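Numbering (the numbering used here), first residue to last: 1 to 215.
Where a beta carbon is used, it is the ideal one built from N, C-alpha and C, also for glycine.
Keep in mind the model is a prediction, meaning the values are calculated, not measured.
Taking it in order: structure first as structure tokens, then the write-up.
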Ligand code: B12
């Protein structure tokens with residue numbers, strides 16, 4: 001039987017040498033990759049965050065946990081890519097993490113889920129200033145711009161980025177969605193004026209489809 005608790009523990013304790021064989025074994029037994037990610041890996045990262053907040057661990061441990069999760073995700077990726085796509089491009093999404101913020105795991109999961117659902121996704125990276133979101137969205141012909149924010153100190157950057165897009169020449173061409181642990185629905189929609197919010201990667205696909213009239 002697949003040891004899913006061991007996957008959670010490998011991520012939360014940063015046991016990098018264990019993660020790949022554990023994930024491979026679970027996948028070989030037919031465990032749903034989304035279950036591995038959502039119910040075990042993300043839960044592990046929540047524990048890591050709580051231990052960091054309680055000063056039981058520090059940045060290096062948080063970093064090793066993140067690396068462990070990323071290595072596990074690399075094994076899972078091919079099992080998700082293309083899984084739900086009909087082959088027809090549903091739209092173009094440009095997505096990045098806001099200025100000052102280097103967290104990328106959640107954003108990269110959103111990228112993976114959107115790609116596997118049939119969207120063309122351009123990942124413009126982390127620490128992205130508002131004007132770069134606008135430039136890239138214009139250059140790449142985005143239908144939707146997504147931004148990720150994990151730090152509450154990033155709130156002004158989320159607001160500034162939404163405003164930069166809404167005040168630009170592409171305002172009527174793109175919809176703006178926000179997410180990440182620092183963002184609430186109220187903050188995204190009411191304070192920043194974004195068009196959509198989602199709490200997780202599956203929700204990101206749902207809201208993107210809704211905004212483009214595909215759902
Ligand atoms: C791993 C981690 C790190 C790693 C990041 C590695 C990496 N490559 O990303 C490292 C060690 C580098 C790091 C650094 C820091 N971190 Co950190 N980190 C975390 C941790 C433990 C997990 C984040 C994560 O990957 N979660 C798993 C993913 C899958 O979840 P997610 O990102 O939330 O994404 C999901 C949803 O939010 C949503 N989503 C995400 N993006 C988007 C975008 C859109 C458009 C949509 C619709 C949805 C969506 O879908 C995703 C999938 O379900 C969190 C704890 C937490 N609870 O979040 C702290 C946390 C975010 N970090 C924190 C802090 C304080 C820091 C540092 C400032 C620490 C320091 N003193 O240096 C630095 C900041 C560096 C910087 N400038 O960015 C705090 C933030 C507190 C706050 N209120 O602002 C947290 C909350 C920890 C805590 N409880 O104190 N961190």
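Who pairs with residue i in a beta bridge, going by DSSP?
| i | result |
| --- | --- |
| residue 122 | 94 |
| residue 197 | 178 |
| residue 147 | 96 and 178 |
Helix, strand or coil for residue i, going by three-state DSSP, please let me know.
| i | result |
| --- | --- |
| residue 88 | coil |
| residue 49 | helix |
| residue 34 | helix |
| residue 56 | coil |
| residue 171 | coil |
| residue 39 | helix |
| residue 184 | coil |
The ligand B12 and residue i: does the residue's C-beta get closer than 7 Å to at least one heavy atom of that ligand?
| i | result |
| --- | --- |
| residue 119 | no |
| residue 23 | no |
| residue 165 | no |
| residue 161 | no |
| residue 213 | no |
| residue 148 | yes |
| residue 73 | no |
| residue 50 | yes |
| residue 192 | no |
| residue 53 | yes |
| residue 91 | no |
| residue 78 | no |
From what residue to what residue does the alpha helix (DSSP H) around residue i run?
| i | result |
| --- | --- |
| residue 11 | 4–13 |
| residue 136 | 130–140 |
| residue 69 | 59–80 |
| residue 152 | Per DSSP, residue 152 belongs to no alpha helix (DSSP H) and is neither H nor E. |
| residue 105 | 105–116 |
| residue 19 | 16–28 |
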